[in-house]
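Residue numbers (full-length UniProt numbering), protein chains in the order written: chain A, 1 to 484; chain B, 1 to 152.
For each residue, glycine too, the CB sits at the ideal point set by N, CA and C.
Printed below as a string of structure tokens:
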């Protein structure tokens, strides 16, 4: 985990363009390297005896300097009206920037020390690390318990919630650990003390920055609150760097990378960093949180930019932005306007949508009037038609089967598709020339003349002459083809 | 009398104005009294459907007990209560529903949809230029009544 944090810090170092803090960058890089090396050493030899080689931060000059200055400043309660200075040159501002960097370093240091304590205490009480997660709480508990085997003699009130105390006591009674050796115990307690000291120092530093945050960045702290603003500045590496970041990056500052290790990432939290702890964010309903965090990040970036040029020292712009954010979130929560029932449309005012296409044509063909039906509907002048029951009873046949018509036996109705296929067949001359269907014969028996031969070419044109134009006929060909 | 949504007409000139001024919409005039039960049921159906058909119909209630309206009661020969008369562009629209009287609709409607169907049929016929339309409802849903002719 320390490695991750270190690499993140290293990335931010690359981001910041400010030439004014070369030594700070160096010190940070040095600190990062240090921690990185120590971590490697730590991994190699888990039971490292000497605490000092593991955690060096408290001995560095930088740390001591800054802590001294912070304490001095806290006691002095500096007069805040020295706004004549340009922000970057103000020594107070420098101190605040250093404090930001230091607080991040302290956090890393704490993680290393926690690992150290955990490794040492594993011999005595291995289950404790899974029951008490927070490193500072862990250090306090370890210090309180010491080398005691019987937990009923140890009073953990106030250090942990009572439910956890109960679980710890129960686990301790069945633990497989053995008491530590004297020197191990001493080292462990020393490490705990150091952890608690570092924690106290970090608190001091953060309090100091928070107190001055209203002076340094009034607009940003109006929106996000001083604690979050201080953290953001710290991790960004200064107000200038924070102002130069796009809002999407600001949203992610301080986001914890969840180490899933086998758990599904389907329920993972959306990406939001330190801004998660702002009051505005906490008070929005969970459904709107993604939109809200984007909004807050955008407005706080604006505020940071205003602060970096000292555009509004009173913080009024920040308060306005906060008001805007609140109003927008409220507006998202109001219910949609009620739907009015529409009156019915005027009948027959909207024409029906007609469909077309091949499918519809095929469907319509099933109900189309066939040639047979057409013939049956017409009669020739002066010639009585035949009927199904004879003598005028039953259905009349019209021109169907009468002598004058071109057809003798009317074949089944040809639809357009069959006509196209027939035409293709004709061209390829698969069938006998002229005959359109294999079943029609040229011979037929008629009542008047007996056997008749019909001219197959003539059958199409008779129908066409009276009623249908052969110009667009599917089966008709050129009426006159002259070959040269 | 009637419902809050539908206007009630008590004077002759109000009825005249309604018939004259409703353009390109079916005018539904209900002649009836507030006390009658069938009348109240009809009023309920009319009120509920007034918004839905507002694009092609307007509805009004006419109080039969007012003196000025007696002219209309005599003209349209209204004896049974309630009676509904349809107009379109100041023409009186008749509807053949299988009853002896085509000039008006006697009685209530069994549902809102029936009323809307009837008004739509009147509208369609009127737009085509007809003065009498046939009723789209099946005979079970048409209220039947006996016409007495001089107490015979």
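Interface partners of residue i on chain A, CB under 9 Å
i	result
residue 54 of chain B	343 and 344
residue 64 of chain B	In chain order: nothing, as chain A lies at least about 29 Å away.
Closer than 8 Å to chain B by CB, residue i
i	result
residue 348 of chain A	yes
residue 351 of chain A	no
residue 432 of chain A	Confidence in residue 432 of chain A is poor, its pLDDT being 49 and thus under 50, which makes the residue's placement unreliable; the coordinate value appears in the next sentence. With 8 Å as the cut-off, residue 432 of chain A does not count as an interface residue toward chain B.
Unbroken beta strand (DSSP E) run spanning residue i, endpoints
i	result
residue 134 of chain B	132–134
residue 91 of chain B	91–96
residue 31 of chain B	26–32
residue 83 of chain B	83–88
Residue i versus the options, residue with shortest Cα-Cα distance
i	options	result
residue 14 of chain B	B:66, B:36 and B:24	B:66
residue 130 of chain B	B:112, B:87, B:114 and B:100	B:87
residue 138 of chain B	B:118, B:76 and B:55	B:118
residue 60 of chain A	A:106, A:187, A:390 and A:199	A:106
residue 125 of chain B	B:105, B:16 and B:92	B:92
residue 70 of chain B	B:107, B:96 and B:31	B:31
residue 224 of chain A	A:299, A:357 and A:190	A:299
residue 181 of chain A	A:144, A:211, A:175 and A:121	A:121
residue 174 of chain A	A:155, A:127 and A:244	A:127
residue 322 of chain A	A:312, A:383, A:280 and A:294	A:280
residue 297 of chain A	A:4, A:400 and A:276	A:276
residue 313 of chain A	A:222, A:202 and A:428	A:222
residue 189 of chain A	A:142, A:480 and A:219	A:142
residue 64 of chain B	B:52, B:35, B:58 and B:54	B:35
Closer than 8 Å to chain A by CB, residue i
i	result
residue 120 of chain B	yes
residue 124 of chain B	yes
residue 134 of chain B	no
residue 51 of chain B	yes
Segment limits, alpha helix (DSSP H) that includes residue i
i	result
residue 150 of chain A	Segment: none, residue 150 of chain A is in no alpha helix (DSSP H) and carries neither H nor E.
residue 240 of chain A	239–244
residue 17 of chain B	12–21
residue 59 of chain B	Premise fails: residue 59 of chain B lies in the beta strand (DSSP E), 57–63, not in any alpha helix (DSSP H).
residue 287 of chain A	Per DSSP, residue 287 of chain A belongs to no alpha helix (DSSP H) and is neither H nor E.
residue 149 of chain B	From DSSP, residue 149 of chain B is part of no alpha helix (DSSP H); its letter is neither H nor E.
residue 486 of chain A	Residue 486 of chain A falls outside the range modelled here, since chain A spans only 1 to 484, and no answer is possible.
residue 221 of chain A	218–224
residue 125 of chain B	112–128
residue 358 of chain A	358–365
residue 167 of chain A	162–173
residue 105 of chain A	91–121
residue 379 of chain A	First-last for residue 379 of chain A: undefined, no H or E at that position.
residue 252 of chain A	247–252
residue 45 of chain B	37–50
Separation of residue j from residue i, as counted between CA atoms
i	j	result
residue 317 of chain A	residue 68 of chain A	35 Å
residue 81 of chain A	residue 91 of chain A	Residue confidence is low: residue 81 of chain A scores 44 on pLDDT, short of 50, so the model does not pin down where it sits. Its coordinate-derived value is still stated next. Whole-angstrom Cα-Cα distance: 14 Å.
residue 152 of chain A	residue 125 of chain A	15 Å
residue 167 of chain A	residue 158 of chain A	15 Å
residue 395 of chain A	residue 366 of chain A	22 Å
residue 72 of chain A	residue 337 of chain A	59 Å
residue 146 of chain B	residue 79 of chain B	11 Å
residue 102 of chain B	residue 46 of chain B	20 Å
residue 105 of chain B	residue 128 of chain B	21 Å
residue 77 of chain B	residue 33 of chain B	16 Å
residue 21 of chain B	residue 90 of chain B	8 Å
residue 97 of chain B	residue 121 of chain B	11 Å
residue 329 of chain A	residue 320 of chain A	14 Å
residue 111 of chain A	residue 135 of chain A	7 Å
residue 97 of chain A	residue 154 of chain A	42 Å
residue 38 of chain B	residue 108 of chain B	6 Å
residue 6 of chain B	residue 355 of chain A	42 Å
residue 95 of chain B	residue 349 of chain A	22 Å
residue 210 of chain A	residue 339 of chain A	50 Å
Under 8 Å from the C-beta of residue i: neighbouring residues of chain A
i	result
residue 93 of chain B	What residue 93 of chain B touches in chain A: nothing, since even the nearest Cβ is about 14 Å away.
Short CB-CB distance (under 8 Å) between residue i and chain D
i	result
residue 123 of chain A	Checking the listed chains, one finds no chain D in this structure; the protein chains it contains are A and B.
Residue i Cβ short of 7 Å to the ligand HEM heavy atom set
i	result
residue 272 of chain A	This structure simply doesn't include the ligand HEM, nor any ligand for that matter.
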